[in-house]
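Everything below concerns the one structure shown next.
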Amino acid sequence: MQNNNHKSDLNCAFGETLVAVLYNEATAAETENFERHLNRCRECSEELAAFGMLRNAVSDWRETEFAPLALPNIVLPDEIKKIEAAPTGKHSPFQSLRAFFTPANFGWQLSAAGFAGFIILGLLFIGSTDLFKPIKEVADAPRPSVNATPEIAIAQKAERERDETTVEKNNPSANASNQPEEKTRKVTARINDKTPKHSGIPAARNDNLSKRRIPVPKTERKVEDLSILPVAEADDNSPRLTNLLEEIEPSE
Amino acid sequence: MSQTGTDEKLVEMALAGNSDAFGEIVRRWERKIFALCYGMLGREEDARDAAQETFVSAFRNLNGFRGDAKVSSWLHRIAVNQCLTRLRRQKTRNEAPLEIENEDDSSSFFAAAGQLPSGETEQKERIETVRKAVGALPTDLKQVVVMKEFEEMTFQEISEILEIPLSTVKSRLYTALKQLKKRLEKTPLEVV
Chain A
8 MQNNNHKSDL NCAFGETLVA VLYNEATAAE TENFERHLNR CRECSEELAA
58 FGMLRNAVSD WRETEFAPLA LPNIVLPDEI KKIEAAPTGK HSPFQSLRAF
108 FTPANFGWQL SAAGFAGFII LGLLFIGSTD LFKPIKEVAD APRPSVNATP
158 EIAIAQKAER ERDETTVEKN NPSANASNQP EEKTRKVTAR INDKTPKHSG
208 IPAARNDNLS KRRIPVPKTE RKVEDLSILP VAEADDNSPR LTNLLEEIEP
258 SE
Chain B
90 MSQTGTDEKL VEMALAGNSD AFGEIVRRWE RKIFALCYGM LGREEDARDA
140 AQETFVSAFR NLNGFRGDAK VSSWLHRIAV NQCLTRLRRQ KTRNEAPLEI
190 ENEDDSSSFF AAAGQLPSGE TEQKERIETV RKAVGALPTD LKQVVVMKEF
240 EEMTFQEISE ILEIPLSTVK SRLYTALKQL KKRLEKTPLE VV
């Protein structure tokens with residue numbers, strides 16, 4: 008007679024008792040209760056018999072193949088023992104460096120000498136390499152002259168001439184011995200007065216040219232290149248000395 | 090020199106620098122760990138290598154051992170992981186997968202098992218069939234079967250090592266036996 012409550016799946020109420028009985032680990036009460044159940048449940052009886060055969064088969068496997076085997080003779084490598092036994096066996100590079108310079112190991116004098124030698128070697132290394140050469144070359148390179156452009160050159164020259172003229176006016180006696188040069192200087196002063204008009208620089212700005220730093224144009228034009236620059240005769244509006252002298256002569 | 094004390098005490102001694110203490114742990118557990126590896130892997134050489142690697146791994150990670158767990162539980166977890174790693178490698182390399190044929194045959198495992206007497210060849214065939222059937226079980230079920238049959242542990246010991254309830258151990262074993270029965274019922278057994 009089959010128990011209606013019996014379910015031949017994992018939720019069988021007697022499943023755990025069945026394996027306990029199978030392996031002789033059930034209590035006396037559990038065994039007695041299960042034997043009563045077996046009288047009513049054919050499935051559990053068949054299952055118990057099949058599990059018994061399975062257990063015998065596994066036991067045969069164990070006794071035939073595993074039991075004769077020798078123990079694996081576990082060997083722990085000596086190098087692992089040494090590494091694990093020493094808690095400070097593994098060091099980071101920083102720890103190794105610090106340990107190298109530890110005074111307790113070598114004495115502070117040796118540590119200081121080593122550190123000094125390290126610094127010297129570092130300086131020698133830096134000196135022997137071209138590490139800073141590009142910077143030095145840039146620093147020593149000839150800076151572009153502010154006279155590189157014709158406008159600036161003319162403006163500075165005009166300022167110098169005007170200064171000299173001012174000095175002569177304030178001190179005429181000093182110019183008595185320089186009468187032959189007076190005429191030329193006046194002409195130069197006229198040139199200076201006209202120069203800003205042709206150079207495109209306002210007269211008010213000319214006074215400030217020598218006082219403030221003139222920014223160097225990024226696209227520098229070398230002075231040597233000026234000589235080969237073609238200047239069209241029609242576009243050349245710069246004052247000519249001969250023209251100026253002709254203007255001065257009638258007035259005198 | 091033999092050490093005394095619990096496994097946990099031996100671990101403390103090993104951590105304190107006593108190399109013999111871990112040797113005692115190895116002596117206590119090497120046979121059971123070897124049996125577990127053999128049952129899980131089914132091959133002697135693989136089992137030896139896995140057992141060796143289990144203890145070496147345990148020794149290397151001795152500092153990571155948590156005092157709240159039992160040493161036996163810790164060793165079994167390491168061993169099972171070693172076995173699973175090897176099984177994955179075998180599967181990747183297709184090394185003799187533990188599979189059984191699902192052919193219906195009148196000469197099934199249980200039918201042949203009931204016949205007496207059985208010759209040596211037939212017994213080897215049966216053992217091979219059982220080995221493959223156990224190897225095809227899910228890991229958690231296989232582990233319980235192996236611990237019960239090869240390590241010959243009680244349910245209570247298995248419960249403590251796996252840190253699962255006693256009833257769970259029994260239900261897992263019951264489920265494992267049912268799956269084994271189901272697989273072997275469909276397995277033909279060649280009787281020579």
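Top to bottom, those sequences are chains A and B. Be aware that the first sequence starts at 8, since it is given in the working numbering, and climbs by one per residue. Be aware that the second sequence starts at 90, since it is given in the working numbering, and climbs by one per residue. For every residue, glycine included, the Cβ atom is placed at its ideal position computed from N, Cα and C. Predicted model, so just to flag it, every value in this text is computed and none were measured.
Taking Cβ to Cβ, would you say Q171/B is nearer than 7 Å to A139/B? yes
Sequence-distant residues of its chain with Cβ nearer than 6 Å to A110/B (five each side left out): Q92, L99, M102 and A103
Quick one: grab the DSSP three-state call for G207/A. At G207/A the pLDDT is 47, less than 50, meaning the model places this residue with poor confidence and gives no usable figure here.
Which residues in chain A have a C-beta closer than 9 Å to the C-beta of E238/B? List them in chain order. R62, V65, S66, W68 and R69
Give a yes or no on contact between the segment 247-257 of chain B and the segment 140-150 of chain B, applying the rule of three or more CB pairs nearer than 8 Å. no
Whose Cβ in chain B lies nearer than 7 Å to the Cβ of G22/A? S260 and Y263
Which residue comes first and which comes last in the alpha helix (DSSP H) that contains N40/A? A35 to L45
Identify whether T243/B lies in helix, strand or coil by the three-state DSSP scheme. coil
Relative to the alpha-carbon of G224/B, which residue among E274/B, R132/B, R155/B and T257/B has its alpha-carbon at the smallest distance? R132/B
Residue from D96/B, T257/B, L176/B and D135/B with nearest C-alpha to P79/A: D135/B
Answer yes or no: does any C-beta atom of chain A fall closer than 7 Å to that of V219/B? yes
Any beta-carbon of chain B closer than 7 Å to the one on L130/A? no
Give me the Cα-Cα distance between L45/A and D157/B, rounded to the nearest whole angstrom. 43 Å
If you check the beta carbons only, do I233/B and G128/B fall under 7 Å apart? The sequence shown places Val at residue 233/B, not Ile. No; because the gap between Cβ atoms is not below 7 Å, this pair is not in contact.
Could one say the Cβ of A57/A lies closer than 7 Å to chain B's Cβ atoms, at least one of them? yes
Does D157/B come out as helix, strand or coil in the three-state DSSP assignment? coil
Would you say L29/A and F58/A are within 7 Å of each other, going by their C-beta atoms? yes
At a CB distance below 9 Å, what residues from the segment 27-41 of chain A approach chain B? Give them in sequence order. A27, L29, Y30 and E32
Are the CB atoms of L61/A and L226/B nearer to each other than 7 Å? no
With a Cβ-Cβ cutoff of 7 Å, do V219/B and V65/A count as a contact? yes
In whole angstroms, what is the alpha-carbon distance linking R175/B and F122/A? 52 Å
With a Cβ-Cβ cutoff of 7 Å, do E23/A and S260/B count as a contact? yes
Could you give the residue range of the alpha helix (DSSP H) that holds L29/A? G22 to L29
Would you say V115/B and I81/A are within 7 Å of each other, going by their C-beta atoms? yes
For L45/A and chain B, any beta-carbon pair shorter than 7 Å? no
Apart from the five residues just before and just after L269/B, which ones in its own chain have a Cβ nearer than 6 Å to its Cβ? A222
Rank T34/A, V26/A and A35/A by C-alpha distance to the C-alpha of A56/A and give the top, closest one. V26/A
Cβ shell of S161/B (< 6 Å), same chain only, five flanking positions each side left out: I250
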